[in-house]
Amino acid sequence: MVVTRKGVAGFTILLALCVIVFGAYVRLTDAGLGCPDWPGCYGFVTVPQTAEDYLSVEQNFPGEIVDEGKAWREMIHRYIASLLGFLILL
(Lines of atoms letter the chains of each structure in order from A and count residues from 1; the text may use other names and numbers.)
(Lines give C-alpha, C1' and ligand atoms only; values in the text may rest on other atoms or scores of the structure.)
Protein backbone atom coordinates (compact mmCIF):
# COMPACT_ATOMS: atom_id res chain seq x y z
CA MET A 1 0.00 0.00 0.00
CA VAL A 2 1.40 3.36 -1.04
CA VAL A 3 0.91 6.30 1.30
CA THR A 4 0.68 9.61 -0.55
CA ARG A 5 0.70 13.18 0.67
CA LYS A 6 -2.85 13.58 -0.55
CA GLY A 7 -3.94 10.55 1.47
CA VAL A 8 -2.21 11.79 4.63
CA ALA A 9 -3.72 15.25 4.13
CA GLY A 10 -7.19 13.77 3.67
CA PHE A 11 -6.82 11.63 6.79
CA THR A 12 -5.56 14.66 8.73
CA ILE A 13 -8.58 16.71 7.70
CA LEU A 14 -10.92 13.88 8.66
CA LEU A 15 -9.14 13.52 12.00
CA ALA A 16 -9.44 17.29 12.60
CA LEU A 17 -13.21 17.02 12.14
CA CYS A 18 -13.28 14.08 14.55
CA VAL A 19 -11.34 16.12 17.14
CA ILE A 20 -13.84 18.97 16.80
CA VAL A 21 -16.89 16.71 17.11
CA PHE A 22 -15.44 14.64 19.94
CA GLY A 23 -14.30 17.83 21.70
CA ALA A 24 -17.86 19.10 21.59
CA TYR A 25 -19.06 15.78 23.02
CA VAL A 26 -16.49 15.99 25.83
CA ARG A 27 -17.57 19.54 26.61
CA LEU A 28 -21.30 18.80 26.53
CA THR A 29 -20.87 15.82 28.86
CA ASP A 30 -18.80 18.01 31.21
CA ALA A 31 -15.84 15.63 30.93
CA GLY A 32 -13.23 18.30 30.20
CA LEU A 33 -11.61 17.87 33.60
CA GLY A 34 -12.07 14.11 33.75
CA CYS A 35 -8.28 13.87 34.05
CA PRO A 36 -6.49 16.71 35.84
CA ASP A 37 -3.01 16.16 34.41
CA TRP A 38 -1.35 15.64 31.06
CA PRO A 39 0.02 13.50 29.39
CA GLY A 40 -1.70 10.93 31.51
CA CYS A 41 -4.68 10.53 33.74
CA TYR A 42 -3.97 10.78 37.45
CA GLY A 43 -0.38 9.80 36.70
CA PHE A 44 -1.27 6.77 34.56
CA VAL A 45 -1.22 6.25 30.78
CA THR A 46 -4.89 5.26 30.89
CA VAL A 47 -7.68 5.77 33.38
CA PRO A 48 -6.97 4.17 36.81
CA GLN A 49 -8.55 0.72 36.94
CA THR A 50 -7.24 -1.33 39.86
CA ALA A 51 -7.57 -0.85 43.60
CA GLU A 52 -3.86 -0.01 43.78
CA ASP A 53 -4.37 2.66 41.12
CA TYR A 54 -7.17 4.23 43.14
CA LEU A 55 -5.01 4.24 46.27
CA SER A 56 -2.30 6.04 44.32
CA VAL A 57 -4.86 8.59 43.09
CA GLU A 58 -6.03 9.22 46.66
CA GLN A 59 -2.44 9.83 47.78
CA ASN A 60 -1.33 11.98 44.85
CA PHE A 61 -4.59 13.86 44.20
CA PRO A 62 -6.32 14.32 47.57
CA GLY A 63 -9.98 15.20 47.28
CA GLU A 64 -10.25 14.10 43.64
CA ILE A 65 -12.95 11.61 42.71
CA VAL A 66 -12.30 9.49 39.62
CA ASP A 67 -15.26 9.37 37.24
CA GLU A 68 -14.20 6.64 34.82
CA GLY A 69 -16.69 7.61 32.11
CA LYS A 70 -15.58 11.22 32.03
CA ALA A 71 -11.93 10.26 32.31
CA TRP A 72 -12.13 7.87 29.35
CA ARG A 73 -13.90 10.46 27.18
CA GLU A 74 -11.24 13.04 28.02
CA MET A 75 -8.32 10.65 27.44
CA ILE A 76 -9.66 9.46 24.08
CA HIS A 77 -10.07 13.08 23.00
CA ARG A 78 -6.52 13.89 24.13
CA TYR A 79 -5.01 10.95 22.27
CA ILE A 80 -6.90 11.76 19.06
CA ALA A 81 -5.82 15.40 19.32
CA SER A 82 -2.21 14.31 19.93
CA LEU A 83 -2.28 12.16 16.81
CA LEU A 84 -3.67 15.11 14.88
CA GLY A 85 -0.87 17.35 16.14
CA PHE A 86 1.72 14.78 15.10
CA LEU A 87 0.21 14.52 11.60
CA ILE A 88 0.18 18.30 11.25
CA LEU A 89 3.88 18.40 12.11
CA LEU A 90 4.59 15.90 9.33
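For the sequence shown, the numbering used here assigns the number 83 to the initial residue and increments by one for each residue that follows. For glycine and all other residues, C-beta sits at the position ideal for the given N, C-alpha and C. This structure is a prediction, so every number in the text was calculated from the model and none was measured.
For T132, the first and last residue of its enclosing alpha helix (DSSP H) = Taken as a continuous stretch (DSSP letters only), T132 belongs to no alpha helix (DSSP H), as it is neither H nor E.
**Asked** For C123, which three-state DSSP category applies?
**Response** strand
Would you kindly report the start and end of the unbroken alpha helix (DSSP H) that includes A163?
According to the DSSP assignment, A163 belongs to the alpha helix (DSSP H) that extends over 150 to 171.
_Among G167, W120, V148, the one whose alpha carbon lies nearest that of A133_ = V148
**Report entry** Whole-angstrom distance between L99 and L115, CA atom to CA atom
**Finding:** Between L115 and L99, the C-alpha separation is close to 22 Å.
Cβ neighbour criterion (16 or more within 10 Å) applied to V129: buried
If you compare alpha carbons, which of T86, D119, W154 is closest to Q131? W154
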